[in-house]
Amino acid sequence: MAKITGKVDKIINTDYCWVKTYKGEQAKIFLSEFSESDKKELKTGIDVDFEIEKKSNVNYYFGKKASITKVVVQNNNNNLENKNSSVDLDAFIPNDTKTLIKMNQIDNFSLKFHKFARFDKDKFSFYKVDKGKLIYNDVEGFPFRNIRFDLLIGQLKESANSLFPMFNHVENLSIDWRLAIGLGTESVYETSINLHPVYGFPFIPGQAVKGIVRSWLIQEYFQNNEKLAFNNGVFCSLFGAPKESETGESQGSLVFFDAYPISEPKLKVDVMNPHYGPYYSDNSDKPTKPPADYYNPVPIFFLTVEETAFQFIVAIREQDNETGRIGSVGASYFDLGKQFLKEALTQKGIGAKTAVGYGYFKEN
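Numbering of the sequence shown is given in my numbering, commencing with residue 107 and proceeding in unit increments.
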């Protein structure tokens with residue numbers, strides 16, 4: 107039987123404890139179900155794993171084969187460097203900090219990527235090749251397995267059900283090839299990636315989802331003309347509008363949640379090769395050399411996500427769910443939101459470099 111996770115709510119003497127699961131259910135676990143070492147560490151507020159058993163005469167579960175939730179600690183730095191790298195680039199941090207980090211695993215990718223950045227000659231680097239040979243790879247293979255994605259996406263669903271009980275829709279879509287999200291975010295590297303500020307995994311912010319759906323509508327139904335869109339009352343109601351629009355200044359009724367990976371995401375390093383860097387960086391009025399083949403390409407590495415499914419959620423308040431039409435499409439605002447969300451992600455794509463195939467999604 108699969109185990110579930112809950113948080114210890116109360117310990118009754120040396121007999122049993124009450125545990126609350128992340129679905130809000132109560133479970134009673136006798137302390138005899140724990141190992142002797144776990145009994146010594148058991149206290150309120152910590153997570154425990156256990157099998158559940160339901161008895162008909164009570165309104166709670168019984169927990170069996172219980173244990174304190176263990177975080178699997180792996181030395182990811184060493185694993186990556188031994189497997190993917192022939193050298194170890196240095197990190198410019200205090201010596202005592204460096205010693206502590208070498209002794210322990212950095213299990214938050216955002217902290218590892220941004221705060222423990224490695225330095226190579228004259229710039230920060232997370233990936234290096236030389237004449238086709240991989241020299242250093244500090245990112246691919248990073249383990250996100252310690253993150254409970256099932257709980258995180260479950261919490262988003264619960265929030266949607268709580269805030270928008272009548273009209274919320276979950277759409278699970280998989281990356282068709284690769285996703286480059288947050289490429290231009292401020293970073294010590296030449297490129298970056300959108301990472302969750304707490305858990306450190308790649309995610310798509312809700313405002314980015316809303317922006318791409320809005321952009322898709324303007325492109326597809328309003329001849330790529332925002333002024334035409336602002337003359338459509340339904341568009342203004344869905345996405346909000348300025349004072350000069352048909353409806354006047356208003357807030358959009360559609361709400362888009364952050365999109366989280368459904369399971370452990372897979373990071374992949376990609377590369378772009380600008381050929382005419384010196385020409386475009388020449389700020390003089392008359393560049394001395396035109397762009398041509400005599401310029402050497404300068405590879406710029408960037409991070410993408412591949413082979414990963416994301417959970418998207420769109421919602422609307424009951425009082426805002428009117429009926430309207432955009433182009434030839436007429437339906438309730440909620441149904442329009444569902445349709446346009448899927449169309450935008452599968453036909454327009456999201457993030458950077460969509461013109462060359464990045465950022466497109468497909469049905470699972």
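All C-beta atoms, glycine included, are put in the ideal place defined by N, C-alpha and C. Treat the numbers as computed from the prediction; the structure is a model and nothing was measured.
CA-to-CA distance, Y295 to K229, given in whole angstroms: Whole-angstrom Cα-Cα distance: 8 Å.
Beta-carbon proximity of E412 to K374, cut-off 7 Å: yes
Cα-Cα separation between F248 and F255, rounded to whole angstroms: So the two alpha carbons sit approximately 15 Å from each other.
DSSP state of I110 mapped onto helix, strand, coil: strand
Cross-strand partners of N330 (DSSP beta bridge): Bridge partners of N330: none, in fact.
8 Å contact criterion, which V420 and L323 should meet: CB distance rounded: About 13 Å separates the beta carbons of V420 and L323, which is beyond the 8 Å limit, so they are not a contact pair.
Inter-stretch contact at 8 Å, needing at least 3 Cβ pairs: the segment 156-175 / the segment 118-135: yes
Closest residue to G443 among L217, N427 and V462 (Cα-Cα distance): N427
I287 versus N330: straight-line alpha-carbon distance, rounded: 23 Å
Presumed contact (8 Å Cβ cut-off) between I199 and F467, rounded CB distance: At roughly 38 Å, the Cβ-Cβ gap does not stay under 8 Å, so I199 and F467 are not in contact.
DSSP-derived helix/strand/coil call for V164: Coil.
Cβ separation of I299 and P311, assumed to be a contact under 8 Å, to the nearest whole Å: So it is not a contact: roughly 12 Å between Cβ atoms.
Exposed unless 16 or more other CB atoms sit within 10 angstroms - verdict on F270: buried
Residues of its chain near V177, where Cβ-Cβ distance is below 8 Å and the 5 sequence neighbours each way are ignored: Legend: pLDDT at V177 = 47, less than 50; position of this residue unreliable, no value from coordinates given.
Cutoff 8 Å; reference K116; Cβ partners in own chain excluding five residues on either side: C123, W124 and T150
Nonlocal neighbours in the same chain, by C-beta distance under 6 Å from F232, ignoring five residues either side: Counting only Cβ-Cβ distances below 6 Å, and skipping sequence neighbours, we find D244 and V245.
Exposure label - D202; buried when at least 16 CB within 10 Å: exposed
Straight-line Cα distance separating K372 from L257: Distance between L257 and K372, taken at the CA atoms: about 19 Å.
Expected contact under 8 Å - CB spacing of L378 and I422 to nearest Å: According to the sequence provided, residue 378 is Met. The question's Leu does not apply to it. 39 Å between Cβ atoms; not a contact.
Cβ-based burial, P396 [other Cβ within 10 Å; buried from 16]: Exposed is the label assigned to P396, since fewer than 16 other Cβ atoms lie within 10 Å of its Cβ.
E355, DSSP secondary structure in three states: Annotated three-state conformation of E355 is coil, per DSSP.
K171 and E157 closer than 7 Å at C-beta: yes
Simplified DSSP state of E370, which is helix, strand or coil: coil
L397, DSSP secondary structure in three states: Per the sequence presented here, residue 397 reads as Pro, with Leu not at that position. Note: P397 maps to coil in three-state DSSP.
Cβ neighbours of K126 in the same chain (closer than 8 Å, five flanking residues each side left out): Excluding residues within five positions, the ones whose Cβ falls inside 8 Å are G112, K113, D115, Q132 and A133.
Through-space distance from T452 to G238, alpha-carbon basis: 34 Å
Residue environment, A461, which counts as buried when at least 16 other CB atoms sit within 10 Å: exposed
For T460, three-class secondary structure by DSSP: T460 falls in the helix class under three-state DSSP.
Buried versus exposed call for N274 [16 or more other C-beta atoms within 10 Å across all chains shown]: buried
Per-residue DSSP class, three states only, for W283: DSSP, reduced to helix, strand and coil, places W283 outside both helices and strands of the structure shown, so it counts as coil.
Proximity below 7 Å, CB of L285 to CB of T297: no
Contacting residues, own chain, Cβ-Cβ under 8 Å from Y385 (five flanking each side not counted): P393, K395, P396, P397 and Y401
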